[in-house]
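Count along the sequence shown from 1, add 6, and you get the number used in our numbering.
Beta carbons are placed, not taken as given, at the ideal position from N, Cα and C, and that holds for glycine.
Inspection log for the structure reproduced underneath, given as structure tokens.
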Amino acid sequence: VKANKEWKSEDYYNTEGGSESSHKLPSYVGEFYDARDELSSDSGMQSSVSSSIETELREVRLSLLMEIERRRQAEETLEQMQVHWRRLREQLAHVDLFLPLDPSSSQYTMNIAYELRCQLELTRFVSDSLAIDLAKAEVKMEMESELEAKTFEISRLSDRLHYYETVNQEMSQRNQEAIEVARLDGQKRKRRQRWIWGSIAATITLGGAVLAWPYLPAGISLTEVAQPIDEAP
């Protein structure tokens with residue numbers, strides 16, 4: 007085609023030289039076949055380039071698919087890590103340890119370990135203080151229970167002592183009453199004995215006077231005989 011165009015252009019510019027154009031025709035035909043060879047070589051090169059482009063496109067597509075798969079796996083892994091992080095955050099919240107909601111935030115990335123350590127130290131201090139307070143409360147409760155037991159025992163002993171004092175007082179009063187009754191009984195017994203002995207003495211005196219009466223001289227009365235006997239004791 008290129009040769010035809012050149013030939014037509016030369017004919018257009020060389021209209022007067024007919025013989026000269028006829029001499030140039032074989033050269034144009036040779037150039038035409040050379041152009042066909044160049045076109046065939048160009049088409050072969052184009053087919054090899056297109057096949058290499060297709061290979062590169064397939065490689066790019068494969069790499070894109072692999073990258074998409076890697077990104078999907080990375081997103082799934084990130085989601086699982088976020089789920090685990092939320093569970094860990096909820097579990098630590100039960101023991102008063104707090105983690106940030108988003109660990110990837112720049113303001114928490116470098117300070118999470120330090121904050122956890124501070125929170126652990128604070129929690130340990132609070133737990134130790136609570137343990138000491140609980141121990142003190144338990145000791146106080148035990149002491150209060152022992153004190154209540156001792157107070158109850160003292161109250162019981164005091165009641166028993168009061169009972170013993172009351173019983174002792176009643177027994178002392180009864181003893182005094184018994185002593186008084188015995189004293190009165192003794193006095194009564196003595197009086198009775200005196201009366202009995204007086205009666206016996208009077209009876210003996212009268213009996214002796216009666217017995218001595220026949221032996222007395224005349225003119226002595228019974229009273230005179232009995233009077234010395236009464237006065238003698």
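Three or more pairs of CB atoms, one per stretch, sit closer than 8 Å, so the stretch 119 to 135 contacts the stretch 85 to 103.
Taking C-beta separations shorter than 8 Å and ignoring five residues to either side along the sequence, Gly192 has no partners in its chain. In the displayed model, Phe158 falls within a helix according to three-state DSSP. Going by C-alpha positions, Leu84 is about 12 Å away from Arg92. If you ignore the 5 residues before and after Arg166, its C-beta comes within less than 8 Å of no other C-beta in its own chain. Ala99 and Leu140 have their C-alpha atoms roughly 23 Å apart. Glu148 has its alpha-carbon roughly 50 Å from the corresponding atom of Gln182. Collapsing the DSSP output to three states places Phe104 in coil. Only residues of its own chain outside the window of five on either side were considered, and among them none has a CB closer than 6 Å to the CB of Ser58.
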